[in-house]
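Residue numbers (our numbering), protein chains in the order written: chain A, 52 to 390; chain B, 52 to 390.
All residues carry an ideal CB built from backbone N, CA and C; glycine is no exception.
As the structure is a prediction and not an experimental result, all values here were calculated from the model.
Everything on this sheet refers to the single structure shown next.
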DNA sequence: GGCAAATCTGTTATGGATAACAATCGTAGC
DNA sequence: GCTACGATTGTTATCCATAACAGATTTGCC
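See the structure below:
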């Protein structure tokens, strides 16, 4: 390893010397303190521009104890939700004057704990956790006790730490849509139950059926991937009584539809399929996918806002920030086939 | 804004005091210096564990001049390539002992320049630029002259700074596949030409047709989104002579296929469509999409490796790191319809 | 035994900025 | 004219870890 270093550029003291003032005055100019004479301010600013001086954020972070950085923990998968949430966080952070440090983890408790530790270690001012914590919740709580944290997946019991979309409502909307079309009952392909999103949807689907007096068929389980949708679709498609399927994510719904098509069951004539997420491709699938829209990008933004509020006031206490989803009716759902 | 701060936890001097040694010795233990007596090392380590001490990375970065952080610049869109490249970068960075700072920008020169500045300002050790630079290249070069940089979109003239997939080859493979099936010629829906990926593909498509002695139809232009694919598909689908389309991204290809279907043109019986990327959903579309696979995740990883090499040796000089793509033949391509 | 080299540990200076405090100057009010 | 306070600027201490240097001990070898 070479010891050569890239040039660090001028420091505050260089600017101070060139402008004939103290470093503190330069600092005041940079931080827009009121009590600096206009002439001084202009002189210092001129030198800053001339030397191309940029404040060293590392030094600043050290002395202020604030890095102006927030950490985001996501799962190491490339799905739509992860990606758009990360985008929302980044945009929100920029608006709030923060930069984003991203880490990923796998589903294991150890991995999640490690990832959170890495963020804390890195010196972030706050953390957004967009991964399921059911298993790891206690150990993570130990680490995050001293640092502002927001979750986008979790029970609403988390209070100020919870931001997201109302998953119960999403499942109700999807299930009811299918029942309203005249289906006798609705089958469900659930996501991994480590995700509270997935288990909320499962429970709400079940409750909605019960309240409507419908039979509750056994649910199937996938892992959010199109592959798992395909796999489960091959099973569902073999059962003639299945006419309506509520799939816990659009990406799995794509796989389900593909499997149904291969089995010769037409969507929506024979089987109706509804997804959740409204990914960009949902409107362009064949047939276009009826789904429940939830904006992950917006969730990311709101998570940042809430996090920043916590950073500025650690004692803040507010109810969970849940947003209502909306149904996007497209061509993948229709009334059941005539018997 | 509250002035309350979260606890910083113990510092090295606290550990030193508790262990009855100097701070420097604690530092040596942490950095695994060889010349520390075993008994001392164990004693210090015990205190570290007991106090839950964690080294302050900000202070470390300040004194070493290395933040062990790399920056990634992507465009503020939520498409597959952006997301999987970011994932690859994150995974590669973790393997190399770095954390990742993400920023996004829009296509404008100013926005790209700002984004790069933010990264430098933030004190990253190196930058991965996954956005088109044609316009901004000079101004960005000024900023990145003093900091290791790797591009994943750019001409191969960038040498050690370039990592990616061979886009020329990808376009050749896609176009030839359609010609080999017997199509008289191949139409092309290109990406935004600010992206060198897009313009490489366009040029190679054109050259391949010319070399095969085929007529070169006028190309159409999209913006990578499924919407733009749909829009252009409505145009292409109206022309009876169009039997083969090479689309510059899978997401646009989804839109094209949807439009063709709506116009009553069957894929692949009437029109063959081939995409590029091999996104997760490609195998599960209706029909499954023939495409040219390029692993963005792998590109992200390789970009990190190259970047770290540059960080450790700023004078390193190596050829561009280009990887060959591979054709994934699925059901969206077939021989042309009998005349 | 004696001197050099290697091993272990400590002290001091440093990185770049900001907070807290101190000093200077001008002016407002009586 | 004098006190007081505000405006402006500077000085010093601090954040926390590491590099460079130095001192103290031990080991090795002739």
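Hey, does residue 320 of chain A have any beta-carbon neighbour from chain B nearer than 8 Å? Cβ-Cβ to chain B under 8 Å: no for residue 320 of chain A.
* To do: Please confirm if the stretch 116-124 of chain A is in contact with the stretch 158-177 of chain A, defined as three or more CB-CB distances below 8 Å between the two stretches.
  => Yes: at least three Cβ pairs fall under 8 Å.
On the criterion of 16 or more Cβ atoms from any shown chain inside 10 Å, does residue 369 of chain B qualify as buried, or is it exposed? Residue environment analysis places residue 369 of chain B among the exposed positions, since fewer than 16 neighbouring C-beta atoms fall within 10 angstroms of its C-beta.
On the DSSP letters alone, give me the boundaries of the alpha helix (DSSP H) that residue 344 of chain A sits inside. Taken as a continuous stretch (DSSP letters only), residue 344 of chain A belongs to no alpha helix (DSSP H), being part of the beta strand (DSSP E) at 341-344.
Just to confirm the assignment, what range does the alpha helix (DSSP H) spanning residue 162 of chain B have? Run containing residue 162 of chain B: 160-173, per the alpha helix (DSSP H) assignment.
- request: Express the C-alpha separation of residue 92 of chain B and residue 82 of chain B in angstroms, rounding to a whole number.
  value: Taking the straight line joining both Cα atoms gives about 11 Å.
query: Would residue 324 of chain B pass as a contact of residue 318 of chain B if the rule is Cβ separation under 8 Å?
result: Judged by beta-carbon spacing, residue 318 of chain B lies within the 8 Å limit of residue 324 of chain B, meaning their Cβ atoms are closer than that value.
- Query: Is there contact between the stretch 185-192 of chain B and the stretch 126-144 of chain B, where contact requires at least three CB pairs shorter than 8 Å?
  - Reply: No contact exists between the stretch 185-192 of chain B and the stretch 126-144 of chain B.
Exercise for review: Just mark residue 291 of chain A as buried or exposed, buried being the case when its beta carbon has 16 or more other beta carbons within 10 Å.
Suggested key: Exposed, by the Cβ-count rule.
I believe residue 294 of chain A touches residue 234 of chain A by the beta-carbon criterion, under 8 Å. Please report the beta-carbon distance rounded to the nearest angstrom. Separation of the CB atoms of residue 294 of chain A and residue 234 of chain A is rounded to 5 Å, and the pair is thereby assigned contact status at 8 Å.
Using only alpha-carbon positions, find the residue among A:109, A:70, A:110 and A:118 that is nearest to residue 100 of chain A. Looking only at A:109, A:70, A:110 and A:118, the smallest Cα-Cα distance to residue 100 of chain A is reached by A:70.
Next item on the list: Could you pull out every residue in the same chain whose Cβ sits closer than 7 Å to the Cβ of residue 154 of chain B, ignoring the five residues on either side in sequence?
Entry: Excluding sequence neighbours, residue 154 of chain B sits near 122, 124, 166, 169 and 170.
Practice prompt. To the nearest angstrom, report how far apart residue 277 of chain B and residue 134 of chain A are at their CA atoms.
Written response: In a straight line, the C-alpha of residue 277 of chain B is about 17 Å away from that of residue 134 of chain A.
ask   = For residue 303 of chain A, does the three-state DSSP call read helix, strand or coil?
value = Helix, per DSSP.
- [ ] Kindly give me the distance between the Cβ atoms of residue 372 of chain A and residue 357 of chain A, rounded to whole angstroms, as I take these residues to be in contact under 8 Å.
- [x] Their Cβ separation, rounded to whole angstroms, is 6 Å, which keeps residue 372 of chain A and residue 357 of chain A in contact under 8 Å.
**OP:** Mind listing the chain A neighbours of residue 173 of chain B? Cutoff is C-beta to C-beta under 8 Å, in chain order.
**Re:** Within 8 Å Cβ-Cβ: 108, 120 and 150.
Reference residue 148 of chain B, options B:359, B:338, B:379 and B:377, closest by Cα
It is B:359 whose Cα lies nearest to the Cα of residue 148 of chain B.
- Does the beta carbon of residue 202 of chain B come closer than 8 Å to any beta carbon on chain A? At least 8 Å separates the CB of residue 202 of chain B from every CB of chain A.
Is residue 246 of chain A near residue 222 of chain A, with beta carbons less than 8 Å apart?
No, the pair does not count as a contact, with Cβ atoms beyond the cut-off.
- Run through DSSP, which three-state label would residue 263 of chain A get? Residue 263 of chain A: coil per DSSP, three-state reduction.
Problem set entry | Presumed contact (8 Å Cβ cut-off) between residue 136 of chain B and residue 203 of chain B, rounded CB distance | Taking the Cβ atoms as the reference, residue 136 of chain B lies roughly 7 Å from residue 203 of chain B, within the contact range of under 8 Å.
| request: Just the C-alpha distance for residue 174 of chain A and residue 72 of chain A, rounded to the nearest angstrom, thanks. | output: Approximately 32 Å, taken between the alpha carbons.
Q) Cβ of residue 352 of chain A less than 8 Å from any chain B Cβ? A) No, because no Cβ of chain B sits closer than 8 Å to the Cβ of residue 352 of chain A.
Give me the chain A residues within the contact set of residue 2 of chain B, using Cβ-Cβ distance strictly less than 7 Å, ordered along the chain. Nothing about residue 2 of chain B can be read from this structure; chain B reaches only from 52 to 390.
task = Output yes if chain A places a C-beta closer than 8 Å to the C-beta of residue 335 of chain B; else output no.
result = True, the Cβ-Cβ gap to chain A drops below 8 Å.
- Message: Among B:263, B:261, B:260 and B:306, whose alpha-carbon lies nearest the alpha-carbon of residue 274 of chain B?
- Response: Minimum Cα distance to residue 274 of chain B is reached at B:306.
**Asked** Residues of chain B with CB under 8 Å from residue 154 of chain A, in chain order?
**Response** Simply 141, 145, 150 and 151.
Q | Cross-strand partners of residue 256 of chain B (DSSP beta bridge) | A | DSSP output for residue 256 of chain B lists no bridge partner at all.
Checklist entry - What residues of chain A sit near residue 101 of chain B, judged by a beta carbon separation below 8 Å? => result Neighbours of residue 101 of chain B in chain A, taken as residues at a C-beta separation under 8 Å, are lacking, since the least C-beta distance is about 15 Å.
From which residue to which residue does the alpha helix (DSSP H) around residue 283 of chain B run? That run of the alpha helix (DSSP H) goes 277-287.
Is there a C-beta anywhere in chain B that falls below 8 Å from the one on residue 83 of chain A? No, its Cβ sits nowhere closer than 8 Å to a Cβ of chain B.
Please report the residue range of the beta strand (DSSP E) in which residue 156 of chain B lies. 150-156 is the extent of the beta strand (DSSP E) around residue 156 of chain B.
- Just the C-alpha distance for residue 196 of chain B and residue 186 of chain B, rounded to the nearest angstrom, thanks. Going from the Cα of residue 196 of chain B to the Cα of residue 186 of chain B covers about 17 Å.
Practice item. Going by CA-CA distance only, name the one from A:214, A:205 and A:172 that's closest to residue 194 of chain A. Key: The shortest Cα separation from residue 194 of chain A among A:214, A:205 and A:172 belongs to A:172.
| Min CB distance residue 129 of chain A to chain B below 8 Å | It does; some Cβ of chain B falls within 8 Å.
Residue 380 of chain A, buried or exposed, once every other Cβ within 10 Å from all chains shown has been counted against 16:
Residue environment: residue 380 of chain A is assigned as exposed (fewer than 16 neighbouring CB atoms within 10 Å of its CB, all protein chains considered).
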